[in-house]
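The structure appears right after this line, and notes come after that.
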Amino acid sequence: MEYKDRKAMPLFPISIVSELTELSARQIRYYEEKNLVAPLRSEGNRRLFSFYDVDRLIEIKRLIDEGVNLAGIKQVLKLRENQVQENEAKKQSEEESKHYKKDLTDKELHQLLRRELLESGYLNKPSINQGDLSRFYH
DNA sequence: TTTCTGACA
DNA sequence: TGTCAGTA
4 MEYKDRKAMP LFPISIVSEL TELSARQIRY YEEKNLVAPL RSEGNRRLFS FYDVDRLIEI
64 KRLIDEGVNL AGIKQVLKLR ENQVQENEAK KQSEEESKHY KKDLTDKELH QLLRRELLES
124 GYLNKPSINQ GDLSRFYH
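Note that this note's numbering has the first sequence beginning at 4, numbered continuously upward.
Right, here's the structure in full:
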C-alpha cells in the first residue's frame, strides 16, 4: 500500500482528533459543516478522520490562532491543494521526461527544456507571505 | 460510554 | 464556541 493511501485511511474518532489538534469536538464538527474538512463516516455515522484530515485541522488551528477568518482559511486551503496538485503534476512531467529523453532529437530536447523553463516560473511561485494573508485578517 | 444533531446563549 | 437534550 502506498504512503498516500495510508494518509487518507479513515482511522480516528473525534475524541482522538480533538487531542491531536487541540481543537474542541464542537469546533471540528463546525469546520466540517463549513466544508473545511471531510472526514468519512463509520457504519454508526461516527466521523472517522485520516492523517490527512488531522494535518488539515492542524493547519486550520494554526490559521485560527493567527486571526484568520473561515473565508480566509478556505482560500489558504484551496491554494495549498493547488500547490500539492501542481507539485504532483510537476513530478509526473519530470517522470515522463525521463522516459522521453531516451530518444529525443536535439531539437526536441531543446523544446522540452524550454517548456520546463517556462513552466518552472509558474510552478515555483513563492509560498504565501504575510502580504497575501493580510487581507484575510479582521 | 461516546458521538451525533439540533438548539440556545 | 460551550453546553445541554435526546438518540443510536
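C-beta: ideal position from N, C-alpha, C; glycine also. Because the structure is a prediction, the values reported are computed rather than measured.
Practice task
Can you tell me which of the three DSSP states VAL71 falls into?
Solution key: In the first sequence, the residue the question calls residue 71 occupies position 68. VAL71: strand per DSSP, three-state reduction.
Handout entry: LYS64 versus HIS102: straight-line alpha-carbon distance, rounded
Key = In the first sequence, counting from the first residue as 1, residue 64 sits at position 61. In the first sequence, counting from the first residue as 1, residue 102 sits at position 99. So the two alpha carbons sit approximately 42 Å from each other.
Exercise for the section: Can you tell me which of LEU80, TYR55, LEU14 and VAL87 puts its alpha carbon nearest to the alpha carbon of LYS37? Expected result: Against the first sequence, residue 37 aligns to sequence position 34. Out of LEU80, TYR55, LEU14 and VAL87, the CA that lies nearest to the CA of LYS37 is found in LEU80.
Exercise for the section: To the nearest angstrom, report how far apart LEU39 and SER100 are at their CA atoms. Expected result: By one-based count along the first sequence, residue 39 stands at place 36. By one-based count along the first sequence, residue 100 stands at place 97. Their Cα atoms are separated by approximately 36 Å.
Exercise for the section: From the DSSP output, in three-state form, read off LEU51 for me. Expected result: Locating residue 51 in the first sequence gives position 48, where the first residue counts as 1. Here DSSP, grouped into helix, strand and coil, assigns LEU51 to strand.
Practice task
Mark ASP56 as exposed unless 16 or more other C-beta atoms lie within 10 angstroms of its C-beta, in which case mark it buried.
Solution key: The residue labelled residue 56 in the question sits at position 53 within the first sequence. Buried is the call here.
Exercise for the section: Indicate whether ILE31 and SER45 have their beta-carbon atoms separated by less than 8 Å. Expected result: Residue 31 sits at position 28 when you count from the first residue of the first sequence. Residue 45 sits at position 42 when you count from the first residue of the first sequence. Going by C-beta atoms, ILE31 is not nearer than 8 Å to SER45.
Practice task
Return the first residue and the last residue of the alpha helix (DSSP H) that GLU36 is part of.
Solution key: Taking the first residue of the first sequence as 1, we reach residue 36 at position 33. Taken as a continuous stretch (DSSP letters only), the alpha helix (DSSP H) holding GLU36 covers 28–36.
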